[in-house]
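Worksheet: the structure to be examined is printed underneath.
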Amino acid sequence: MKFDLEALLRKNADSRQYRRVPGLFRRWELEHLIKPGFEYFVEETGNDAGGEMLYALFCRELTEQEAPR
Numbered sequence: 001m002k003f004d005l006e007a008l009l010r011k012n013a014d015s016r017q018y019r020r021v022p023g024l025f026r027r028w029e030l031e032h033l034i035k036p037g038f039e040y041f042v043e044e045t046g047n048d049a050g051g052e053m054l055y056a057l058f059c060r061e062l063t064e065q066e067a068p069r
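Residue 1 is where the sequence shown starts when you use my numbering, and the numbers rise one by one after that.
Written out as structure tokens, the structure reads:
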């Protein structure tokens with residue numbers, strides 16, 4: 001199932017907006033970027049010169065009510 005980032009941003013059109021993490025990343029690089037306390041959205045962006053899939057990463061900080069306890 002493919003998600004529409006614009007629809008997600010409209011749905012969360014408050015101070016908790018997603019921000020793009022600068023750069024494009026390979027799948028195995030994402031685990032080094034993802035940290036607790038944030039919600040992430042990953043979007044396919046195409047392939048690099050070697051044929052590897054690249055991804056854009058978007059994040060937003062969780063509110064106190066959303067954070068796991």
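Even glycine gets a Cβ: it sits at the ideal position worked out from N, Cα and C.
Just so you know, these numbers come straight off a predicted model, no measurement behind them.
With 16 other Cβ atoms within 10 Å as the buried cut-off, status of L57: buried
Local conformation of R69 per DSSP, three classes: coil
Beta-carbon gap between M53 and R27 smaller than 8 Å: yes
Residue range of the unbroken beta strand (DSSP E) whose run includes L54: M53 to E61
Pairwise C-alpha distance: A49 and E61: 33 Å
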